[in-house]
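Chains as they are written, first to last, in the numbering used here: chain A, 1 to 209; chain B, 210 to 641.
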């Protein structure tokens, strides 16, 4: 099914759930491995992830707008008021998206390649931007730092400092996120979703719940 | 996944200030937790649970729903993990309400608010409402239109349990409430950030039921801002039903007046003088009342001036002897006094006898007058099956009683609601 390789650090088999993964983490020695052509290169080591309360985990499955997806990795962000997870979701048709979990509020978003995005220095709360014909308003600016990664990601992400995020909301459940981790800002467009509507399987279990 | 963090667990530890037991039930979502013993607010993320703030409470407040209680809200289990009291001060008077923080590790957070026995089930909104500013701002979201109720500064005055934010006693936020009963929309603004939440009015009984609490909930006092009106919801429906019945009634009335025979069956002219030495009573010729059983109208037209006459009538069936007895007084006076000309009464009288079967009838007539009177000339007209709208008018009036009553009650309720708002009638505003 999925391509396999061996960890260049410990030799453990590395099994990819998603054939397009650019980065993964060795489950055994926690090495961060990046694909270079056919080889895997060890670029770092994941520190132990802090305790967190997301009910989602790698291998959780669900359905979004009639498309089945599986969680293959995540990025955990932290900021002064808490933290949130961006779970990397891979859909049955090979598309890659993100299921965010911020204190059990869930959103599904996809990268929206777009040029002419507002620069980090110019973005401010209350500003309005139209993306794909929908008007969004900047509701919140968050400076967060990468706290850890797990599993497979569609890009390299392992050595970042504090990153500015701009959260934008529409007048319905839709939202947009501007990610200033790269010199070229990234735009993600998505919508808030109800937990029950995702029909999630293989969730984490909470003692007593 | 060995890189995955350990499974979340409920955490217990001792307060670094007083040694009292502290529990964290919200797993890693909890940022601050309050020692219930010494009222120290502790940093839940700090390995040593550093004290962030100590607050003095004038009195210990026991939450109506104890911390750690689990209940079922809209089908999902939730645990009470935090409690705070928030206060607004208006014209020197404090108004405080309770907020219960509920947690479910899968579904997240929701709140129950309680003010004088009125409860709201509140969730944070992730959709930006559209606010139209003006004399009376309006907020639209999720297909609802919410009317601005009040804007106030709310400060946190008491906390217990744990919170997914850094809670601080004395912290102030600007709160705006918009209502569309039974829902309400609230915004909380701190600094540059605004959070919107949506509340739905629920009763104390529903809360008691959800958390299986002993005893009974506190009785609600007054009318709450988004309390659904017991009259408002179906006011429209009541009026629609009333209109439907009125239409039906009008159609019946039109039917009966169109198909009424309205037939003159007898007419006679007579005169009467009390002093004449004659037997006053007499009988008329026989006339025929046709058709179905219906009414008979008898009108008496006199030439009375400043006088009265009394007519004893009997409508008698000449075949069966069945009689309808009745009396009519006719009086007509006029004159002039310091206020000008006046009149009283009239020269005509009309009486309707309902439900007279068809058949051959005659009238027995016996006039009376004051013995000194000059006498009277009069005409008697009998009509069969005249259209009568008086019953329909009475029915229509009766039909209007419930909706009018209902509307008044509803208006009273709305008045009580808005009396607590920023838009209370201008009664000086100081007697809130």
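Beta carbons: idealized from backbone N, C-alpha and C, even for Gly.
Original post:
What number of angstroms, rounded off, separates the C-alpha of residue 139/A from the C-alpha of residue 33/A?
Top reply: The count along the first chain starts at 1 and reaches residue 139/A at position 139. The count along the first chain starts at 1 and reaches residue 33/A at position 33. Each residue's alpha carbon lies about 36 Å from the other.
Original post:
Can at least three beta-carbon pairs, one atom from the stretch 435–449 of chain B and one from the stretch 168–184 of chain A, be found at a separation below 8 Å?
Top reply: no
**OP:** Quick one: residues in its chain with C-beta nearer than 6 Å to the C-beta of residue 592/B, no 5 flanking neighbours on either side, listed in chain order?
**Re:** Start at 1 with the first residue of the second chain, and residue 592/B comes out as number 383. Only 473 and 506 meet the Cβ criterion.
Original post:
In terms of residue numbering, what span does the beta strand (DSSP E) encompassing residue 451/B cover?
Top reply: If you number the second chain from 1, residue 451/B lands on position 242. Per DSSP, residue 451/B belongs to no beta strand (DSSP E); it is in the alpha helix (DSSP H), 444–468.
Subject >> Proximity below 8 Å, CB of residue 326/B to CB of residue 413/B >> reply: Translated into positions along the second chain, residue 326/B becomes position 117. Translated into positions along the second chain, residue 413/B becomes position 204. Going by C-beta atoms, residue 326/B is nearer than 8 Å to residue 413/B.
Original post:
Of all the options 196/A, 144/A, 126/A and 165/A, which has the alpha carbon lying nearest to the alpha carbon of residue 120/A?
Top reply: Position 120 of the first chain, counted from the first residue, corresponds to residue 120/A. When each option's Cα is compared against that of residue 120/A, the closest is 165/A.
Original post:
residue 337/B versus chain A: which residues are under 8 Å apart at the beta carbon?
Top reply: Numbered from its first residue, the second chain carries residue 337/B at position 128. Within 8 Å Cβ-Cβ: 137, 139, 169, 170 and 171.
Original post:
Taking Cβ positions only, does residue 218/B come closer than 8 Å to chain A?
Top reply: Residue mapping note: residue 218/B aligns to position 9 of the second chain, counting from 1. Residue 218/B counts as touching chain A.
Original post:
Going by alpha carbons, who is nearest to residue 249/B out of 240/B, 255/B and 259/B?
Top reply: Taking the second chain and counting its residues from 1, one reaches residue 249/B at position 40. Out of 240/B, 255/B and 259/B, 259/B has the C-alpha closest to the C-alpha of residue 249/B.
Subject >> Beta bridge counterpart(s) of residue 308/B as assigned by DSSP >> reply: If you number the second chain from 1, residue 308/B lands on position 99. Residue 308/B pairs with 293/B and 322/B.
Subject >> Element boundaries [beta strand (DSSP E), containing residue 602/B] >> reply: In the second chain, counting from the first residue as 1, residue 602/B sits at position 393. Here residue 602/B belongs to no beta strand (DSSP E); instead the alpha helix (DSSP H) covers 599–628.
**OP:** Pull up the DSSP beta-bridge partners for residue 483/B, would you.
**Re:** Translated into positions along the second chain, residue 483/B becomes position 274. Looking at the DSSP assignment, residue 483/B forms no beta bridge with any residue, so it has no partner.
Original post:
In angstroms, rounded to a whole number, what distance separates the CA positions of residue 536/B and residue 622/B?
Top reply: The sequence position of residue 536/B within the second chain is 327, counting from 1. The sequence position of residue 622/B within the second chain is 413, counting from 1. Taking the straight line joining both Cα atoms gives about 50 Å.
Original post:
By how many angstroms is the C-alpha of residue 238/B removed from the C-alpha of residue 210/A?
Top reply: Chain A is shown only over 1 to 209; residue 210/A falls outside these bounds and no answer can be derived.
Subject >> Best match in 617/B, 263/B, 262/B and 274/B for proximity to residue 424/B [C-alpha to C-alpha] >> reply: The sequence position of residue 424/B within the second chain is 215, counting from 1. Comparing Cα positions, the closest option is 274/B.
Original post:
CB residue 50/A to CB residue 203/A, shorter than 8 Å?
Top reply: Within the first chain, the letter at position 50 stands for residue 50/A. Within the first chain, the letter at position 203 stands for residue 203/A. Against a cut-off of 8 Å, the Cβ pair of residue 203/A and residue 50/A comes out as no contact.
**OP:** Starting from residue 381/B, find everything on chain A with Cβ-Cβ shorter than 8 Å and list it in chain order.
**Re:** Here residue 381/B corresponds to residue number 172 of the second chain, with the count starting at 1. Residues of chain A passing the Cβ test: none, with the nearest at roughly 18 Å.
**OP:** Could you have a look at residue 416/B and say whether DSSP puts it in helix, strand or coil?
**Re:** Walking along the second chain from the start, residue 416/B turns up at place 207. Helix.
**OP:** Tell me residue 576/B's beta-bridge partners as DSSP assigns them.
**Re:** Counting from one through the second chain, the residue named residue 576/B turns up at place 367. Answer by DSSP bridge pairing, in chain order: 520/B.
Original post:
residue 295/B and residue 353/B look like a contact to me (Cβ under 8 Å); what is the Cβ gap, rounded to whole Å?
Top reply: Sequence index remark: in the second chain, residue 295/B carries index 86 (1-based). Sequence index remark: in the second chain, residue 353/B carries index 144 (1-based). Actually they do not touch by this definition, with Cβ atoms about 24 Å apart.
Original post:
Skipping 5 residues on each side, what residues in its chain have a beta carbon closer than 6 Å to that of residue 502/B?
Top reply: Here residue 502/B refers to the residue found at position 293 of the second chain. Hits under 6 Å: 564 and 566.
Subject >> Segment limits, beta strand (DSSP E) that includes residue 537/B >> reply: Against the second chain, residue 537/B aligns to sequence position 328. Note, residue 537/B: beta strand (DSSP E), 532–546.
Original post:
So is residue 317/B in contact with chain A if we call contact Cβ pairs under 8 Å?
Top reply: The residue labelled residue 317/B in the question sits at position 108 within the second chain. Interface residue, yes.
Original post:
What is the DSSP secondary structure of residue 407/B, reduced to helix, strand or coil?
Top reply: Reading the second chain from its first residue, position 198 is the one you call residue 407/B. Residue 407/B falls in the strand class under three-state DSSP.
Original post:
In whole angstroms, what is the alpha-carbon distance linking residue 534/B and residue 522/B?
Top reply: For this step, residue 534/B is matched to residue 325 along the second chain. For this step, residue 522/B is matched to residue 313 along the second chain. Answer to the nearest angstrom: the Cα atoms are 6 Å apart.
Original post:
Under 9 Å Cβ-Cβ, which residues of chain B neighbour residue 81/A?
Top reply: Taking the first residue of the first chain as position 1, residue 81/A is located at position 81. Correct list: 240, 373, 374 and 375.
Original post:
Nearest-angstrom Cα distance between residue 164/B and residue 539/B?
Top reply: This structure does not reach residue 164/B, given that chain B is present from 210 up to 641, and the question cannot be answered.
Original post:
residue 360/B lies in the beta strand (DSSP E); which residues open and close that run?
Top reply: Translated into the one-based positions of the second chain, residue 360/B becomes position 151. Residue 360/B -> beta strand (DSSP E) spans 353–372.
Original post:
Any beta-carbon of chain B closer than 8 Å to the one on residue 55/A?
Top reply: On the first chain, residue 55/A is found 55 positions in, with the first residue counted as 1. Answer yes: the Cβ-Cβ gap between residue 55/A and chain B drops below 8 Å somewhere.
Original post:
Checking contacts by CB at 8 Å: is residue 640/B closer than that to chain A?
Top reply: Within the second chain, the letter at position 431 stands for residue 640/B. Because the pLDDT of residue 640/B is 40, which lies under 50, any placement of that residue in the model is unreliable, and the number read from its coordinates should be weighed accordingly. No - not a single Cβ of chain A is within 8 Å of the one on residue 640/B.
Subject >> Cross-strand partners of residue 65/A (DSSP beta bridge) >> reply: Position 65 of the first chain holds residue 65/A. None, per the DSSP bridge assignment.
Original post:
Does any CB atom of chain B fall closer than 8 Å to the CB of residue 206/A?
Top reply: Within the first chain, numbered from 1, the residue matching residue 206/A stands at position 206. With 8 Å as the cut-off, residue 206/A counts as an interface residue toward chain B.
Subject >> chain B within 8 Å of residue 69/A, Cβ atoms only >> reply: The residue labelled residue 69/A in the question sits at position 69 within the first chain. No - not a single Cβ of chain B is within 8 Å of the one on residue 69/A.
Original post:
Is residue 114/A close to chain B, meaning its C-beta is less than 8 Å from at least one C-beta of that chain?
Top reply: The residue you call residue 114/A lines up with position 114 of the first chain. Answer no: the Cβ-Cβ gap between residue 114/A and chain B never drops below 8 Å.
Original post:
If you measure beta-carbon to beta-carbon, which residues of the stretch 92–123 of chain A are closer than 7 Å to chain B?
Top reply: 103, 104 and 105
**OP:** Within its chain, find whatever has a CB closer than 8 Å to the CB of residue 209/A; leave out the 5 residues flanking it on each side and keep chain order.
**Re:** If you number the first chain from 1, residue 209/A lands on position 209. Once the five neighbours on either side are set aside, residue 209/A has no close Cβ partner at all.
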